[in-house]
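Read top to bottom, the protein sequences are chains A and B.
Each residue of the first sequence is one higher than the one before, starting from 6 at the first, in the numbering used here.
Each residue of the second sequence is one higher than the one before, starting from 6 at the first, in the numbering used here.
All residues carry an ideal CB built from backbone N, CA and C; glycine is no exception.
Note that the coordinates shown come from a computational prediction; the quantities given were computed from them, not determined experimentally.
2 protein chains.
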Amino acid sequence: MFASSVPIKRGAQQQGSEPLSNSQLPDSANYEAMTVQTLAGRLGSVAAVIERVGTEASDWSVREVGDGNLNLVFIVEGPVGAVVVKQALPYVRLVGESWPLPLTRAFFEYHALTRQAAHDPGRVPEIFHYDAEQALIVMEFLTPHVILRGKLIAGEKVKDLGRVLGEFCARTAFRSSDLCLPTAARKADAALFLANVELCAITEDLVFTDPYFDAELNHHTVGLDPVVATLRGDVAMKAEAQHMLAKFASNGETLAHGDLHTGSVMCTATDTRVIDPEFALYGPMGFDIGMLIANFLMAYFSQPAHRSDAELGGYQDWIMDVTAEVWSSFVMEFRHLWATERTGILYPKSMFEDQGHSSEDALNAKLAMVFEDAIGVCGIEMHRRILSLAHNADFESIEDTSVRAPLEARCLMMGRALILDRAKITSLDTVLAMARTMNQEQVL
Amino acid sequence: MFASSVPIKRGAQQQGSEPLSNSQLPDSANYEAMTVQTLAGRLGSVAAVIERVGTEASDWSVREVGDGNLNLVFIVEGPVGAVVVKQALPYVRLVGESWPLPLTRAFFEYHALTRQAAHDPGRVPEIFHYDAEQALIVMEFLTPHVILRGKLIAGEKVKDLGRVLGEFCARTAFRSSDLCLPTAARKADAALFLANVELCAITEDLVFTDPYFDAELNHHTVGLDPVVATLRGDVAMKAEAQHMLAKFASNGETLAHGDLHTGSVMCTATDTRVIDPEFALYGPMGFDIGMLIANFLMAYFSQPAHRSDAELGGYQDWIMDVTAEVWSSFVMEFRHLWATERTGILYPKSMFEDQGHSSEDALNAKLAMVFEDAIGVCGIEMHRRILSLAHNADFESIEDTSVRAPLEARCLMMGRALILDRAKITSLDTVLAMARTMNQEQVL
């Protein structure tokens, strides 16, 4: 949710929060933040950790590598191998105790990871140990993986990237929904994740609302003021953004990752993994894939600042191809699951196939609704990453603001078009054509 | 949910149910079904009951007046006054233990009643005592109120009926939503009501699904087969019904009554009260008012069998006027609350009024979405009351099936038009005009 280069200010995100009453949430009365000195003591007797690192904790080397925003992240290495240890802090790390953030986010991350692992095996880090009281997860050390966003800035390609991410979105969306799960199980799980209030409030504020007025935590690049004024003066677009927020906040169709941008994806040249679902919630089916597409489009629009003229066109084409494949793979996998795993209460075969009726039109209508939601979220994500608190490195790493601002302006205007026209846009090809056109426009 | 004249068969509604893990639900290990002999012993020392009935329980007279479907309902009278005692049974009363139904429905009814009382004071029965373990609620004895459906069959009028019901729907919908409540409070409450799985499953099956195939519990009037075949062969309409089910099951916008038909309303000539919210859920804002409008339309279509020619036109006009007022009052009250109580995360004033921008278009768009949902639910309710398990007395009390079937057929065809065209219908006047036209049609 937070990019590494962002100056986080003290927040006011806790409006409306009340003490959680859900007794399933862990008690962290004896919580203790770990250090490179204390971590081996905590984990040295945990069989699942010893097995992967080595029996003698005194032989372990521990590094803290957290990017400094929310959590502690340790790499623990020993004679046998290495693991990653992620521990939540009771506040936003970069800000300090003045911005509290509940430890329960580790609980939701753990439960999201286990569900994602079940729904798309191998795509998220394997979990070796979870300590609920310590808000601490020991998981697979992904190596030599690096954050996808960095690879896109560096101009590197990843094999099968679009297919893998599209399938991940389809499998997690379908298999946690009433299309597939027994509805009692979906409801129990949705009730559990409704307690992830504080992290959802960050999304509700920073993503859907703050970009559209002069919120305290906002900041944007010098030179963007005219475009920002256009957006904040567009009452119709602001209403659309809030219609999307209403769906995000209440339409618990499926377990969404909740923060699926290119900073939550780690890759080698051939392998792609999804990390960090602490913002997980039951929300609209189109949320994750919409946010993901937005981040590819932002990578696309930022490329002129990162590539030589000789490389630019080819690499932008590759990003467009990946983006197209994210959606086409989503659709293909969703269709496959509709045909093979539609065991929930929705669109039952008793009403369609068992009467000799095709459910193909119902499926197409459902996909169209998911697409419309996704494109709306996509447009909003393209705004909040440039106007709200948490920017992304695709643009932030462009030091010359006279280069950065015009590229961001294209993003903002494209986002506006997506939000306003999402009901009329019927294919991702149209979205990509809009991006190619906008990529040539002089908005500022 | 169940009409009194319905032959309930053994059900299969428990698909997907799992043991509830929500520790907030009451434990009923020492539950005991009350009888007219035992009830005074149970309540004779409860101060809130004594105060309203009389200090000596031996002076009380206890009658059991439950209509025989789900629950025990007692009237307890004494020298001071009378109260109603409603106690859940662990099964569907009319069927017996072969169709279990959880006692927790009393818990959800109690919590729905307290919230409705807070949001629209005086509109639901006052609660004097709640015994969670015994699944028992002691409440105000409404007298001389009778069930509204009976009054509509008898041709009786109720003053202010449409206004009161429209306001009730608007106040409960608005004040339990993210338009008004702190979102953390709405989410905690939504999580609580997500445990009302079994009663929601009844709605999901009996209302949204069973009408559209030859489900085990279905029955319909002799002579309707051609119309039923048309509906069950209409693949596009069935898909729309399932799109509505998807919203019902997952879009927890607000606390809905969940079963707001004319059998859940009690009236005198001048007073209107709402009862029986045991099917309560966090669901779409348009659900309650859509179901309510459907039940007025069914009353309208059934009138030719209940009125003399001299009375028919006038009374049908009155029902149309009430139906119009249900919606117009809903809209007026919703607008009032939007202006005066919009304190939630949605459409915040910081994005609109505080910037000198009107939120009027956003409000109109929201109302249009609520209307579209309501009209869709309305059409589905008109189908399930004629095709699924639970019929209603408006039609069931018409003994001559050659009279009943053509009237029901009009209802079915009108419901189909509402489901298919709900996105194009923009006013309730259009709906009422459709009803007036259909009221003249010879469908069978």
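Mind checking which residues open and close the beta strand (DSSP E) that includes B/R278?
-> 277-279
Neighbour flag for B/P353 against chain A, beta carbons, 9 Å = Cβ-Cβ to chain A under 9 Å: yes for B/P353.
Can the beta-carbon of B/M249 be found closer than 9 Å to that of B/D378?
-> The answer is yes: Cβ separation under 9 Å.
A/A200 and B/A193 closer than 9 Å at C-beta | yes
Could you check what DSSP says for B/I142 in three-state terms: helix, strand or coil?
-> Per DSSP, reduced to three states, the secondary structure at B/I142 is strand.
Say yes only if the C-beta of A/L77 is nearer than 8 Å to one or more non-hydrogen atoms of the ligand NAD, and no if none qualify.
-> Within the structure as shown, the ligand NAD is missing, as the structure has no ligands at all.
Where A/D434 and A/T345 are concerned, what is the direct C-alpha to C-alpha distance, given to the nearest angstrom?
-> 27 Å
In chain A, which residues lie less than 7 Å from B/N256 when you measure between Cβ atoms?
-> Neighbours of B/N256 on chain A, chain order: S255, N256.
Identify, in the order they occur along the chain, each residue of the same chain with its Cβ nearer than 6 Å to the Cβ of B/I294, setting aside the five sequence neighbours on each side.
-> Around B/I294: C174, F335, A379.
Does any C-beta atom of chain B lie closer than 9 Å to the C-beta of A/V233?
-> no
Which of the residues in the stretch 352-372 of chain B, read from start to end, lie with their CB under 8 Å from any CB of chain A?
-> The residues in question are Y352, P353, S355, M356, F357, D359, Q360, H362, S363, S364, D366, A367, A370, K371.
Pair within 9 Å by beta-carbon distance, B/T259 and B/G288 | yes
Please confirm if B/S182 has its CB atom under 9 Å from at least one CB of chain A.
-> yes
Would A/S26 count as contacting chain B if we go by Cβ distances under 9 Å?
-> Low confidence applies to A/S26: its pLDDT is 42, below 50, so where it sits in the model is not reliable, and the reading given next is rough at best. Cβ-Cβ to chain B under 9 Å: yes for A/S26.
Taking Cβ-Cβ distances shorter than 8 Å, what residues in chain A pair up with B/E209?
-> T188, I350
Please name the residues in the stretch 218-249 of chain B whose beta-carbon is closer than 9 Å to at least one beta-carbon of chain A, in chain order.
-> F218, D219, A220, R237, G238, V240, A241, K243, A244, E245, A246, Q247, H248
Proximal residues to A/Y320 (C-beta, below 7 Å), its chain only, five neighbours per side dropped | G160, Q308, R312
So, helix, strand or coil for B/W104, using DSSP?
-> strand
Chain-ordered chain B contacts of A/V202 [CB-CB under 9 Å] = Neighbours of A/V202 in chain B, taken as residues at a C-beta separation under 9 Å, are given in chain order as T188, A189, K192, A193.
Bounding residues of the alpha helix (DSSP H) (the contiguous stretch that carries B/A398) | 398-401
Under the rule that 16 or more other beta-carbon atoms within 10 Å means buried, what is B/H224, buried or exposed?
-> exposed
Cβ of A/C205 within 9 Å of any chain B Cβ | yes
For B/T119, count neighbouring Cβ atoms within 10 angstroms of its own Cβ and tell me buried if that reaches 16, exposed if not.
-> exposed
Would you kindly work out how many angstroms separate the C-alpha atoms of A/D314 and A/H262, rounded to a whole number?
-> 36 Å
Taking just the CA atoms, how far does A/G384 sit from A/F213?
-> 10 Å
Which value, in whole angstroms, describes the spacing of the CA atoms of B/A1 and B/E283?
-> Since the displayed chain B opens at 6 and closes at 449, residue 1 of chain B lies outside it and no answer follows.
Candidates A/S432, A/L417, A/L423: which alpha carbon is nearest A/T226's?
-> The shortest Cα separation from A/T226 among A/S432, A/L417, A/L423 belongs to A/L417.
Given a cut-off of 9 Å, decide if A/Q360 and B/F218 are closer than it, judged by their beta-carbon atoms.
-> Taking 9 Å as the cut-off, the beta carbon of B/F218 is found closer than this to the beta carbon of A/Q360.
Just checking, does the stretch 167-184 of chain A make contact with the stretch 329-343 of chain A on the three C-beta pairs under 8 Å criterion?
-> yes
Spatial neighbours of B/W343 in its chain, beta-carbon cut-off 6 Å, leaving aside the 5 residues before and after | Result list for B/W343: L368, in chain order.
Min CB distance A/Y115 to chain B below 9 Å = no
Whether B/R390 touches B/M303 by CB criterion (9 Å) | yes
Rounded to the nearest angstrom, how far is the Cβ of B/V375 from that of B/G257, given a contact under 8 Å?
-> The Cβ separation is near 15 Å, so there is no contact.
Counting along the chain, where does the alpha helix (DSSP H) carrying B/K371 start and finish?
-> 365-392
Extent of the continuous alpha helix (DSSP H) to which B/Y36 belongs = No alpha helix (DSSP H) holds B/Y36; DSSP gives it neither H nor E.
What is the DSSP secondary structure of B/D405, reduced to helix, strand or coil?
-> coil
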